[in-house]
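One structure below.
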Amino acid sequence: MAPDLPKTYDAKRAEALWTERWEKDGVFAAGQRPEAEPFTVMLPPPNVTSVLHMGHALNAVVQDVIVRWRRMQGRDVLWLPGTDHAGIATQAVVERRLWEERRVRRKDLGREAFQKEVWAWKEQYGAAILRQLRELGSSCDWSRTAFTMDENPSRAVRVAFVHLWEKGLVYRGARLVNWDCVLQSAVGDDELDETEVDGHLWHFRYPFADGKGHITIATTRPETMLGDTAVAVNPSDERYRVHVGRFLDLPLVHRKIPLIADETVDPAFGTGAVKVTPGHDFADYERGQRHKLPIVNILNPDGTINGNGGPYAGLDRAVARKKVVEDLDRKGLLERTERHRFTLPLSDRSKSPIEPLVSEQWFVKMKPLAEPAIRAVQEKRLRFVPERWTKVYLDWLTNVRDWCISRQLWWGHQIPVWYDADGTPAASVEELRIGAPHPATGKPIVRRDEDVLDTWASSWLWPFSTLGWPERTPDLSRHYPGDLLCTAREIIYLWVARMVMAGYEFLGEPPFHTVYINATVLDAIGRRMSKSLGNGIDPRDMIKQYGADAVRFTLCELATEGQDLKLAETKFELGRNFMNKVWNAARFVLTSVSASGKASAGDPGGAPGARGGELEDRWIRSRRNAAVEAVTQALEGYRYHDAATALYHFVWGDFCDWYVEWSKPRLKANDAACAATLLDVLGTIVRLLQPFAPYLAEELRTALGHEEYAALLPWPGAGARDPEAERQIAEIQGVVTGFRTIRADNRIPPGAFLEAGFLDTPDPAFFERYKALVAALAGIGELKAGSAPQPCGTKVLAPHTMSIPLSADLIEAEKTRIRGELEKAQKLLESIERKLADERFTTRAKPEVVERERQRKVAAEEQVNALKRALEDLG
RNA sequence: GGGCGGUUAGCUCAACUGGCUAGAGCGCCUGCCUUACACGCAGGAGGUUGGGAGUUCGAGUCUCUCACCGCCCACCA
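Take a look at the structure:
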């Protein structure tokens, strides 16, 4: 085969080679196993705002591991990749870029030219994202790559809108929304970025209209007083009770506003009197509704004060704030100014302060859609892993508010609504031309709604809009509902909940049965990775430095259930070292096993492999079976850490540290059973490795001389264990370790040849039979029964005592060590005796626990006695 | 103000329904380039499981409580 395999695994070469081959040969294309049960996963489409970060990488890896594993189990896998246009986010990024590079605003370009700019951006970043996914080894069906603004998904958006419209679940209305004055659009609650800021709490006097006295209010946003339509106090507040119902003279604008009583006012905060601005504050909006207060809007869409602001009209809101404070101060109405820390909502995208503003928007009624989504978890048709996220999902759904789906943007799906001259709206899947008759009124259409839809209005359809819906395509019936969704906790309600709602509403079934919520990737000291902190670790750099397989394996190893994942670059050494270990183990096997041996064994295609053979052959196969079972069970429970660890310790511990070492003398003697076993186990390792380290797996199966892609090999079945072999080898390992410890304790260098080691054991026949296994790894020429002649180094591992002749000057230290061990052993024995002497224990504990304790006592006694004997022997 | 997670070796994390002497990787110490691998080999040190109380024959694991840390939700102007 390849006798000159390099000493270290060359990840780069393998990655370039197999990424290309897989795709060229359509290895991951769905539909190749029409008779098999499908397994369907939709990749959460990354936003085309920028390249992928480590969180995306983790998400891709956890999906790919499952998907590759299921494929090996014979499922007809569809893992569908794609990207999301991410409406507001992408528009904001592109707008910022245009301004920074060309000093151009979107309005300077006009809608069409601006959209062209965004499409160009999308092409660039969409391609980069898909490239990155490939570089990670993701086994997506690339032929199905989708984009939320592709033709079919876009049509799906319009069909869904019209459907909801016809059902009366879509409505248009003037509501208070979060307004971004830079983007000049409504933004969703989820598009806010709450920041703690140091501000002020200004106390202003509002005189009563009759000139008798005043009320002092406290506010953090003085300029909004221009839109005040009341002042509210708590009805139980004795200070103000008598004044409720009186009118105040709103300073500066001189509007008469009432003093009202409202339960929601906290008497302990500020002055206990709050100004009410229904047009610019969410709490006040609701108070206004309750008390039927007028709404005065004082802002233009760009954040300047409008005509309702009287003398302040035209000023930016920040300027107006300063001036309002100054003017009130001049009039003697500023009582005092306190420092005050509060949370300021910023627009996630433009980073400008959000202004609550009343505007006409489109909404979706959520309550009826939420009900089936709630039932889905109650009826166990949908489960979260880890389970606790179910609560987050349910809490949101039970308190769900109507969804503002319109955005005053240019990037996205334009709302499919047209108007006649009277402003009567008509929703339509197909375009209504200007001048065409209105479907309801028959009057000519005069315009289309300018707004676009919230980006989630397309992503909530993703599990089926990518499969051809609304057409009843074969794809749709085969791959809907799908199986698994892997995503981040931040979008459990933004996206997961909405997908479930859409699934029920449009297809009557939830889009998946399992939702795996990823760990959040943090930096080495536990902070979120973010651009502004500059503490991100770029997956591309890590792949370059350590290899994709190493990155994948490391992420899995670190992904303990539900724990956040603290990451430092050096962590990837774990994966790299393991890949190298596997590589070298394979290199050893391939270079030492003769060609004839290879042909006769080691079928990685799942054949049962060699039977019989030596004790160690039976043992390693039993350990292999244990590993197969452990990895399989861990994957079934999405326990990536457990799966990775089981594989790691089997390969590194059982196989490399013991079996490979034992195989060396046997291979020199051309032992065919040994060669066959090495190849057999290596074949299993390749298959177990495949989901985690697909590139290395392909390299190794090629080196093993197999034609079939590792990615398409059958997943190994866990054969029977051999408890007898495992027990016996464990004895031998203990003895070997004992001899090694004596050597190390006495500074006997590994190179120093020791003619013989002595073993005092109740079962000399067993060790006579297997003395080669001990001698080879213990570094002794021969294993002899009995005790070594004096002086000697001794190690007790009851019922075995190992000894090696030593020079006399080392004996004192040896005695000290044994005394220490004796002390420990006696302590242990005492604690066991104490336990067994306690009647409450022997009567109340389970019988098998008591029995186990009795056995432990016997073992401890043996250990103590043997140590005493050893000490006596040393004199 | 509510909810959820976390606190175990110097660091990062494990430990199924309570039950062998609480494990791993990294780091540290000792000795080794032993012809697969120094991205390696062998051996070792290191823990009153955040504090307190309780339940139990038995608690890292269950209950209560206190203390920190993190995340999410909520209209304190």
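Numbers 697 to 1571, taken from the working numbering, label the letters of the first sequence in order.
In this text, a Cβ means the ideal position worked out from N, Cα and C, and glycines have one as well.
**Report entry** Three-way DSSP call (helix, strand, coil) for Arg1032 in this model
**Finding:** strand
Query raised in the report: Looking at Pro1041 and Glu890, is the spacing between their C-beta atoms short of 8 Å?
Result: Result yes, Cβ atoms of Glu890 and Pro1041 sit closer than 8 Å.
Requested in this report: Leaving aside the five residues before and after Ile1213 along the sequence, list all residues of the same chain whose C-beta is less than 6 Å from its C-beta, in chain order.
Outcome: Trp1085 and Arg1185
Requested in this report: Go to Gln787, then tell me how far its alpha helix (DSSP H) extends in each direction, as first and last residue.
Outcome: Gly783 to Arg798
Query - Under 8 Å between C-beta atoms of His1036 and Val853 - result: No, the Cβ-Cβ distance between His1036 and Val853 is not below 8 Å.
Query raised in the report: Can you name, in chain order, every residue of its own chain whose Cβ lies under 6 Å from the Cβ of Gly1005, other than the five neighbours on each side?
Result: Listed in chain order, the non-local C-beta contacts of Gly1005 below 6 Å within the same chain comprise Leu922 and Ile994, local neighbours out to five positions each way being set aside.
Requested in this report: Verify whether the separation of the beta carbon atoms of Gly1230 and Met1275 is less than 8 Å.
Outcome: no
**Report entry** Which residues DSSP lists as bridging Ala1481, in chain order
**Finding:** Leu1455
Requested in this report: Would you check if the segment 924 to 939 and the segment 977 to 995 touch, i.e. whether three or more CB-CB distances between them fall below 8 Å?
Outcome: yes
Query raised in the report: Among Val878, Val1545, Ile762 and Val1054, which residue has its Cα nearest to the Cα of Leu1384?
Result: When each option's Cα is compared against that of Leu1384, the closest is Ile762.
Requested in this report: If I'm right that Asp1171 touches Gly1178 with Cβ under 8 Å, what's the distance once you round it to whole angstroms?
Outcome: Incorrect: roughly 11 Å between the Cβ atoms, too far for contact.
Query raised in the report: Cα separation between Ala1452 and Gln1486?
Result: 13 Å
Query - For Glu1253 and Leu1332, the rounded distance between their alpha carbons - result: Residue identity check: residue 1332 is Glu in the sequence provided, not Leu. Taking the straight line joining both Cα atoms gives about 16 Å.
Query raised in the report: Taking DSSP as the reference, what is the three-state secondary structure of Ile1130?
Result: coil
Query raised in the report: For Val929, which beta-bridge partners are listed by DSSP?
Result: Ala957 and Ala969
Query raised in the report: To which residues of the same chain is Glu862 closer than 8 Å at the C-beta, ignoring the five residues directly before and after it?
Result: Ala1123
**Report entry** Nearest to Phe1038 (by Cα), restricted to the options Gly1010, Asp706, Trp1354 and Leu897
**Finding:** Leu897
Query raised in the report: What do you get for Arg1013, buried or exposed, if any count of 16 or more other CB atoms within 10 angstroms of its CB means buried?
Result: By the neighbour-count definition (other C-beta atoms within 10 Å, threshold 16), Arg1013 is a buried residue.
Query raised in the report: To which residues does DSSP link Tyr867 through a beta bridge?
Result: Phe1059
**Report entry** Cβ neighbour criterion (16 or more within 10 Å) applied to Tyr902
**Finding:** Classification for Tyr902: buried.
Query - First through last residue of the alpha helix (DSSP H) which encompasses Met750 - result: Met750 to Met768
Report task. Would you tell me roughly how many angstroms separate the C-alpha atoms of Asp1260 and Leu1190, rounded to the nearest one? Result -> 21 Å
**Report entry** For Trp1315 and Val1278, the rounded distance between their alpha carbons
**Finding:** 20 Å
**Report entry** Top-ranked residue by Cα proximity to Leu865, from Phe1388, Gln1074, Phe1208 and Pro1064
**Finding:** Distance from the Cα of Leu865 is smallest, within the candidate group Phe1388, Gln1074, Phe1208 and Pro1064, for Pro1064.
Report task. Leaving out five residues on either side along the sequence, give the residues of the same chain with a beta carbon under 7 Å from the beta carbon of Arg1032. Result -> His899
Query raised in the report: Just how far apart, CA to CA, sit Lys1027 and Phe904?
Result: As the crow flies, the alpha-carbon of Lys1027 is around 15 Å from that of Phe904.
Query - Check whether Leu860 and Thr841 have beta carbons under 8 Å apart - result: no
Query raised in the report: To which residues of the same chain is His976 closer than 6 Å at the C-beta, ignoring the five residues directly before and after it?
Result: Thr920, Gly923 and Pro1052
Report task. Output yes or no for whether 8 Å exceeds the beta carbon distance between Arg983 and Asp958. Result -> yes
Requested in this report: Buried or exposed for Ile1221, please, with buried defined as at least 16 other CB atoms from any protein chain shown within 10 angstroms of its CB.
Outcome: Looking at its Cβ environment, which holds fewer than 16 other Cβ atoms inside 10 Å, Ile1221 is exposed.
Query raised in the report: For the 8 Å Cβ check, are there 3 or more pairs between the segment 749 to 764 and the segment 792 to 801?
Result: Cβ pair count under 8 Å is below three, so no.
Query raised in the report: Grouping DSSP H, G and I as helix and E and B as strand, with all else coil, what is Lys1491?
Result: strand
Requested in this report: Please go through the same chain and pick out, in chain order, the residues whose beta-carbon is closer than 7 Å to the beta-carbon of Asp1098, but skip the five residues on each side of it.
Outcome: Phe1059, Val1060, Lys1061 and Met1062
Report task. State the beta-bridge partners of Ala914 as determined by DSSP. Result -> His899
Query raised in the report: Using the C-alpha atoms, what's the distance from Pro741 back to Leu1374?
Result: 43 Å
Requested in this report: Check the C-beta distance from His950 over to Ile911 and give it rounded, since I have them as a contact under 8 Å.
Outcome: Not really, about 16 Å apart at Cβ, beyond 8 Å.
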